[in-house]
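**Q** Pasting in a structure now, in structure tokens, and then I'll have a few things to ask.
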Amino acid sequence: METLEQRIETAKERLRKLQQRKLQLEARQRQRKTKQERADDTRRKILIGAAVLAKVERGEWPRERLLAMLNASLTRMTDRALFDLPEFQQDKSSATKNENITID
Numbered sequence: 360m361e362t363l364e365q366r367i368e369t370a371k372e373r374l375r376k377l378q379q380r381k382l383q384l385e386a387r388q389r390q391r392k393t394k395q396e397r398a399d400d401t402r403r404k405i406l407i408g409a410a411v412l413a414k415v416e417r418g419e420w421p422r423e424r425l426l427a428m429l430n431a432s433l434t435r436m437t438d439r440a441l442f443d444l445p446e447f448q449q450d451k452s453s454a455t456k457n458e459n460i461t462i463d
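Just so we're aligned, residue 360 is where the sequence shown starts under the numbering used here, counting upward by one.
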């Protein structure tokens, strides 16, 4: 028969294992939440892009205005290449132009 001390140690060990399991489950839950937030953010960006492109295609928003906004905003060469934009030149005038671009 188990002594009281052995039972206490067994209970403590079980508690440690349960606490560790709880931490693992909480970490997994945080990972799922972060993954969903990233997916939601990506979806928002895609939908915004689709809405802007639809306006351009319907003629409600000038293509030149879209390209000017992209030219002022995109800094990575691979991103700029998608829109046939020239190499990025950051200067004060382009930063000012970027602040004045609005989406109606």
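Yeah, the Cβ is synthetic: ideal placement off N, Cα and C, and Gly gets one too.
Between T434 and F447, how many whole angstroms is the CB-CB distance? I'm expecting something under 8 Å.
**A** Mapped onto the sequence shown, residue 434 falls at position 75. Mapped onto the sequence shown, residue 447 falls at position 88. With a Cβ gap of about 5 Å, T434 and F447 count as contacting.
**Q** Out of curiosity, what's the CA-to-CA distance linking K392 and I407?
**A** What you label residue 392 is simply residue 33 of the sequence shown in a count that begins at 1. What you label residue 407 is simply residue 48 of the sequence shown in a count that begins at 1. Those two C-alpha atoms are separated by around 22 Å.
**Q** Taking all protein chains shown into account, do 16 or more other C-beta atoms lie within 10 angstroms of the C-beta of A431, making it buried, or fewer, making it exposed?
**A** Within the sequence shown, residue 431 is the residue found at index 72, counting from 1. Classification of A431: buried, given that the 10 Å Cβ count is 16 or more.
**Q** Under DSSP, the alpha helix (DSSP H) around Q383 begins and ends at which residues?
**A** Indexing the sequence shown from 1 puts residue 383 at position 24. Here the alpha helix (DSSP H) through Q383 covers L363 to E416.
**Q** For K414 and D400, what's the separation of their Cα atoms in angstroms?
**A** Mapped onto the sequence shown, residue 414 falls at position 55. Mapped onto the sequence shown, residue 400 falls at position 41. Their Cα atoms are separated by approximately 21 Å.
**Q** Alpha carbon to alpha carbon, how far is L444 from L384?
**A** Taking the first residue of the sequence shown as 1, we reach residue 444 at position 85. Taking the first residue of the sequence shown as 1, we reach residue 384 at position 25. Near 47 Å, if we compare the C-alpha coordinates of L384 and L444.
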